[in-house]
Every structure is written in C-alpha cells, then in structure tokens.
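A.B. asks: A single structure is presented below for examination.
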Amino acid sequence: MKIIILGAGQVGGSLAEHLASEANDITVVDTDGDRLRDLGDRLDIRTVQGRASLPNVLRQAGADDADMLVAVTNSDETNMVACQVAYTLFHTPTKIARVREAAYLTRGGELFDNDAIPVDVLISPEQVVTNYIKRLIEHPGALQVIDFAEGKAQLVAVKAYYGGPLIGQQLRQLREHMPNVDTRVAAIFRRDRPITPRGDTVIEADDEVFFIAAKANIRAVMSEMRRLDESYKRIVIAGGGQIGERLAEAIESRYQVKIIEMNPARCRYLSDNLDSTVVLQGSASDRDLMLEENIADADLFLALTNDDEANIMSSLLAKRLGAKKVMTIINNPAYVDLIQGGEIDIAISPQLATIGTLLAHVRRGDIVSVHSLRRGAAEAIEAIAHGDSKSSKVIGRRIGEIHLPPGTTIGAIIRDEEVLIAHDATVINAGDHVILFLVDKKHIRDVEKLFHVGLSFF
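Residues in the sequence shown are numbered from 1 upward in steps of one, following the UniProt record's numbering.
Next comes the structure, spelled out in structure tokens:
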C-alpha cells in the first residue's frame, strides 16, 4: 500500500515505523529537515521536506497514485486543507486527519463530508486518551483495558501478585477456579518479554497477565489474579487542558473530582463549564497546595499536562504525600517503561493509544480495531469474518484447524450479543468478530490475508 504521512512528530514517526516494517511504500512529509533525516536514517521510507498542504509538495510525495493520506501534523487546519487538496487534485481514495479542536469535532457530521471537507476518518487523540483513562478508572487495579465489539468483551491487563489464587498454578486450572466464568489468558509479559500462554504455562508473581472475557465477568477474573482494589471515590487531576476537561466532564457525576490548573483564565473557563468538579488555581508540584488539599485522601492522582517532566514530578510528590494510586501521561515513549511500576503506577502513552486507532484504518482485510499491548511489542486485533466456507480461510472451520501465523492465538469470538471464549472446537461463522493476539508484529500481513476474502494465505 502506498501511504503518505503528513507530520514527522511522535505520532507520524511511530506510524511510519509500524507501517514501514510491514512492507508498505511510505513517504513522510514535514517542514523539519532534522526530523526527516532521523526517520530516513532509521527506516526504509521516502521523505519530503515542505508544507504538507501545498499541492506541489503533495505531488512530490507521490499523491498522484497514493492509496492513503494520513494527516497528523500539529495543525488541525493544515491537516484539513491537505485532505481537501488530496481529494480535489489527486483523488486520493482514503484520507485520515488528526483533528484536536473540539469546536470542529462537535460539528463533524456537517463539516467532514465530501461536499464540505473531505475527511474519511477523523482521529481525535484527546478523546482516544480520555476514553482510555476512563476505562482504567472503572477497573481499579488494571494496567490496561481494551474494548472489543463496542464493549461487549474486554481485554484487561493485571499484575499477578504474591498470594493470588493462581500464582504457581497452570493456566488450565483457571477453569477449575471459576467453573461458571469463561475466560482466556491471551498474553503474558514476564520480565519485560512476551510469552505465548499455553495450558501448562505457570503464572508467576509479577507477571503482567492479559485476559479476555465478557465485560460482566472482568472483576471475577481479576480477583483470581490479585486482591481486588476498592473503587475510586476521590480523584485529583493535574492539568485542565483538553484531556483533563474531557475526563472531568465524563466522570464528575460518579466521583469527587478536583482539577489543579496553573492558568487563571483556563480555571475560570473550567469553573463555568464543569458541573460539580472543584477547580483549583496553582501548581500540582506545590507541596503546600497539595497538603492543603489533602492529597493523602485522594484515591487516584492523574497528571495530564503536556509536560512530561512536570507530570513525573507532580506524580512523585503526590505519591510521596500519600495518594493511593498515581497515573501519568508520558508523551515521550522512551520514558514509559522507565518510570512505570515504581512510584508511578501507570504511565499512559498517548502515542500508543492513537497509533492503534490509526492502524485499524490502515490494515488490509476486515480489521475493525488494532491495539498495542502495554509495552508495544504485541498487538490485539479485532477482525470480522466475511464470505463463506469457499471464499474464506476461517469461516466454517474449527479454530484448531485454522493455520494461524506463528505466535498468533484467537482469544474470543463475539457473535451478535454473545461473547464466546475461543476453544479448539469453536467454529467461526460469517459475521463473527474474531479477537486475535500477535506476539510478533511481523506476521500482521498473514493475519490480514487470513481475513481478507480473495487473498491467498499461503
């Protein structure tokens, strides 16, 4: 596939890295020559320096015969104009744009249409990250929560602790512990490395265990891996930007929420637009303010500013002063694994969350969603089985008969409203949503072929 990526920032660079490793023809456009040189040195891609929305720059990047344009520059307006130019002058089939400004998104139905601004897929990183954090709040103790089939099934990551019922036991004993709950362990990270779980795999303390189950069964399965955390009540948010505002708006009816924001004008705006959230003007790194606001009583402290260092320092202070759980946004992916799991309980990478949303629209085959598992080394994919037993490699076949790529497992099938945990004898029907897990991303192409009617798997 020939793909033009506009913007060589963290999202554009990460996307180029993912796609270049899958034998796509990638061109990255940016005004920053240093960034382009760095990407070009590391990846097998073309680069073009220039303003992403200019027709001559897009032509130089190969827009005449590109299959897809992904506009992820830092400017909403540049992204939208680039999509317009690609549609009008080059008839680019698929145009994806990152749009951050809520004022555009609230009128999305009218604005983003071929008769207005021709954007086929809108990506709002702030909304993606807000939803990601909201799911973590709803499942105390989880390290990652991913929805499939509009939330009918969920993939949840937890750390197995000493004393948990399953520590030292084989995975096949999970069914004996919970005879009335069907679940499957999809992936395990042990000492930072992914291992493919089998029936005789023994769960060790400190393993990060990813399991899939129907949404209603998630808490029951979590209780087998670790002592269940109590639900959060008091939540403190550092940073009243778009993510902080959206999150407060989404959760303030169910939790006691405070926002700490430096900018006085932004504080006034938040006070006027939020219902029950308490807005405080000041710095979350101010020890006196944190003590005055009884941070020790907080069940959860969230650092959601755009400044990684400020987020890390305020999180360390909050934890030192007694906050029970701390989650922190980290924009630099290199920092995530460095700081997570110590004083900071969960580090959230907006890039990883956004990349998954983008990849779902770039993959071949009937791929509905793509999610990087926490450390980025493995992926969870939701694919729809289309066709019939003659045209499809999966329909009408038992899971045990399907030739899956190495390191790939099927975790669950969602059929209408029912969540079926995958077993060797389970037969896949047309229209099923199939949840797969890949330990090695180099086999993505093979999975796409498996679910793309008319493409040979062999």
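Quick reminder that beta carbons are idealized off the backbone N, C-alpha and C, glycines included.
1) From the DSSP output, in three-state form, read off P350 for me.
2) Can you give me the Cβ contacts of V202 inside the same chain, cut-off strictly under 6 Å, excluding the 5 residues immediately before and after it?
3) Where does the unbroken alpha helix (DSSP H) through P55 begin, and where does it stop?
4) Could you have a look at Q169 and say whether DSSP puts it in helix, strand or coil?
5) Take L39 and list the residues in its own chain whose beta-carbon comes closer than 7 Å to its own, dropping the five residues that flank it on each side.
6) State the beta-bridge partners of D25 as determined by DSSP.
7) Suppose the cutoff is 7 Å on Cβ atoms and the five residues either side in sequence are ignored; what does the same chain contact list for S53 look like?
8) Please report the distance separating the alpha-carbon of I167 from that of K159.
9) Please list the terminal residues of the continuous beta strand (DSSP E) segment that includes T94.
10) If the criterion is Cβ atoms closer than 8 Å, does the pair T408 and F451 meet it?
11) Below 8 Å between beta carbons: does that hold for T434 and A383?
12) R35: which of K324, V11, L19 and D388 sits nearest, CA to CA?
13) Measuring CA to CA, which of F90, I312 and R193 is closest to D345?
14) Buried or exposed: P125, going by 16 or more other Cβ atoms within 10 Å of its Cβ?
15) Any contact between the segment 242-253 and the segment 116-133? By contact I mean 3 or more CB pairs, one from each, below 8 Å.
16) Taking C-beta to C-beta, are T357 and I123 nearer than 8 Å?
17) In terms of residue numbering, what span does the alpha helix (DSSP H) encompassing E176 cover?
18) Could you tell me whether the Cβ atoms of L300 and M327 are closer together than 8 Å?
19) For A71 and L143, which I take to be in contact (beta-carbon distance under 8 Å), what is that distance rounded to the nearest angstrom?
20) Closer than 7 Å: is that where the CB of Y335 sits relative to any heavy atom of the ligand NAP?
21) Relative to the C-alpha of A265, which residue among G282, V119 and R254 is closest?
22) Just how far apart, CA to CA, sit residue 459 and S75?
23) Just how far apart, CA to CA, sit K449 and P350?
24) Go to L122, then tell me how far its beta strand (DSSP E) extends in each direction, as first and last residue.
25) Between the segment 136-155 and the segment 191-198, do at least 3 Cβ pairs fall closer than 8 Å?
26) Have a look at F458 and D207 and give me their C-alpha separation to the nearest angstrom.
27) According to DSSP, P194 sits in a beta bridge with which residue or residues?
28) Would you report the Cα separation of I212 and I410, rounded to the nearest angstrom?
29) Are at least three pairs of beta-carbons, each pair with one atom in the segment 393-406 and one in the segment 417-427, less than 8 Å apart?
30) Is the Cβ-Cβ distance between A318 and M290 less than 8 Å?
31) Quick check: the Cα distance between K324 and I330, rounded to an integer number of angstroms?
32) How about T92 and A63: are their beta carbons less than 8 Å apart?
33) Starting from L15, follow the alpha helix (DSSP H) in both directions and report where the run begins and ends.
34) How many Å lie between K95 and H177 at the Cα?
35) Measure the C-alpha to C-alpha separation of T106 and V128 and round it to an integer number of angstroms.
36) Answer yes or no: do H18 and L359 have a C-beta to C-beta separation smaller than 8 Å?
C.D. replies: Straight from the coordinates:
1) Counting from one through the sequence shown, the residue named residue 350 turns up at place 350. DSSP places P350 in helix when its eight states are reduced to three.
2) Walking along the sequence shown from the start, residue 202 turns up at place 202. Cβ neighbours of V202 beyond the five flanking positions: Q170.
3) Reading the sequence shown from its first residue, position 55 is the one you call residue 55. Looking at the DSSP string, the run of the alpha helix (DSSP H) that includes P55 is P55 to Q60.
4) Counted from its first residue, the sequence shown places residue 169 at position 169. It is coil, neither helix nor strand.
5) Taking the sequence shown and counting its residues from 1, the one referred to as residue 39 is at position 39. Same-chain partners within the cutoff: A8, G13, A16, V28, I45 and T47.
6) Within the sequence shown, numbered from 1, the residue matching residue 25 stands at position 25. D25 pairs with K2.
7) Locating residue 53 in the sequence shown gives position 53, where the first residue counts as 1. T78, V81, A82 and V85.
8) One-based indexing of the sequence shown puts residue 167 at position 167. One-based indexing of the sequence shown puts residue 159 at position 159. Rounded to the nearest angstrom, the two C-alpha atoms are 11 Å apart.
9) On the sequence shown, residue 94 is found 94 positions in, with the first residue counted as 1. Here the beta strand (DSSP E) through T94 covers T94 to R98.
10) Translated into positions along the sequence shown, residue 408 becomes position 408. Translated into positions along the sequence shown, residue 451 becomes position 451. Contact flag unset, no.
11) Translated into positions along the sequence shown, residue 434 becomes position 434. Translated into positions along the sequence shown, residue 383 becomes position 383. With the sequence shown as reference, residue 434 is identified as Val, and Thr is not the correct amino acid for it. Yes, these two residues count as a Cβ contact at 8 Å.
12) Locating residue 35 in the sequence shown gives position 35, counting from the first residue. That would be V11, whose Cα lies nearest to the Cα of R35.
13) Sequence index remark: in the sequence shown, residue 345 carries index 345 (1-based). Minimum Cα distance to D345 is reached at I312.
14) Translated into the one-based positions of the sequence shown, residue 125 becomes position 125. Buried.
15) yes
16) Working through the sequence shown from its first residue, we reach residue 357 at position 357. Working through the sequence shown from its first residue, we reach residue 123 at position 123. A contact, by the Cβ cut-off of 8 Å.
17) Your numbering for residue 176 matches position 176 in the sequence shown. Segment L174 to H177, the alpha helix (DSSP H) holding E176.
18) Position 300 of the sequence shown, counted from the start, is the residue given in the question as residue 300. Position 327 of the sequence shown, counted from the start, is the residue given in the question as residue 327. Taking 8 Å as the Cβ cut-off, L300 and M327 qualify as a contacting pair.
19) Position 71 of the sequence shown holds residue 71. Position 143 of the sequence shown holds residue 143. No, A71 and L143 are not in contact; Cβ-Cβ is about 32 Å, not under 8 Å.
20) With respect to the ligand NAP, the structure shown offers nothing to examine, as it has no ligands at all.
21) Here residue 265 refers to the residue found at position 265 of the sequence shown. The shortest C-alpha separation from A265 is found at G282.
22) Absent from the structure is residue 459, since the part of the chain shown begins at 1 and ends at 458.
23) Locating residue 449 in the sequence shown gives position 449, where the first residue counts as 1. Locating residue 350 in the sequence shown gives position 350, where the first residue counts as 1. Roughly 29 Å separates the two Cα atoms.
24) Against the sequence shown, residue 122 aligns to sequence position 122. L122 -> beta strand (DSSP E) spans V121 to I123.
25) no
26) Translated into positions along the sequence shown, residue 458 becomes position 458. Translated into positions along the sequence shown, residue 207 becomes position 207. Model confidence at F458 stands at a pLDDT of 30, short of 50, so the residue's coordinates are unreliable and nothing is read from them.
27) Numbered from 1 along the sequence shown, position 194 holds the residue referred to as residue 194. In the DSSP output, where bridge partners are listed per residue, P194 has F189.
28) Residue numbering aside, residue 212 sits at position 212 when the sequence shown is read from its first letter. Residue numbering aside, residue 410 sits at position 410 when the sequence shown is read from its first letter. Looking at the two C-alpha atoms, the distance is approximately 11 Å.
29) yes
30) Counting from 1 along the sequence shown, the entry for residue 318 is found at position 318. Counting from 1 along the sequence shown, the entry for residue 290 is found at position 290. Yes.
31) Residue mapping note: residue 324 aligns to position 324 of the sequence shown, counting from 1. Residue mapping note: residue 330 aligns to position 330 of the sequence shown, counting from 1. Rounded to whole angstroms, K324 to I330 spans 20 Å at the Cα level.
32) Your numbering for residue 92 matches position 92 in the sequence shown. Your numbering for residue 63 matches position 63 in the sequence shown. Going by C-beta atoms, T92 is nearer than 8 Å to A63.
33) Numbered from its first residue, the sequence shown carries residue 15 at position 15. Its alpha helix (DSSP H) spans residues Q10 to A20.
34) Here residue 95 is taken as the residue at index 95 of the sequence shown, counted from 1. Here residue 177 is taken as the residue at index 177 of the sequence shown, counted from 1. Each residue's alpha carbon lies about 49 Å from the other.
35) Here residue 106 is taken as the residue at index 106 of the sequence shown, counted from 1. Here residue 128 is taken as the residue at index 128 of the sequence shown, counted from 1. Between T106 and V128, the C-alpha separation is close to 15 Å.
36) Start at 1 with the first residue of the sequence shown, and residue 18 comes out as number 18. Start at 1 with the first residue of the sequence shown, and residue 359 comes out as number 359. A contact, by the Cβ cut-off of 8 Å.
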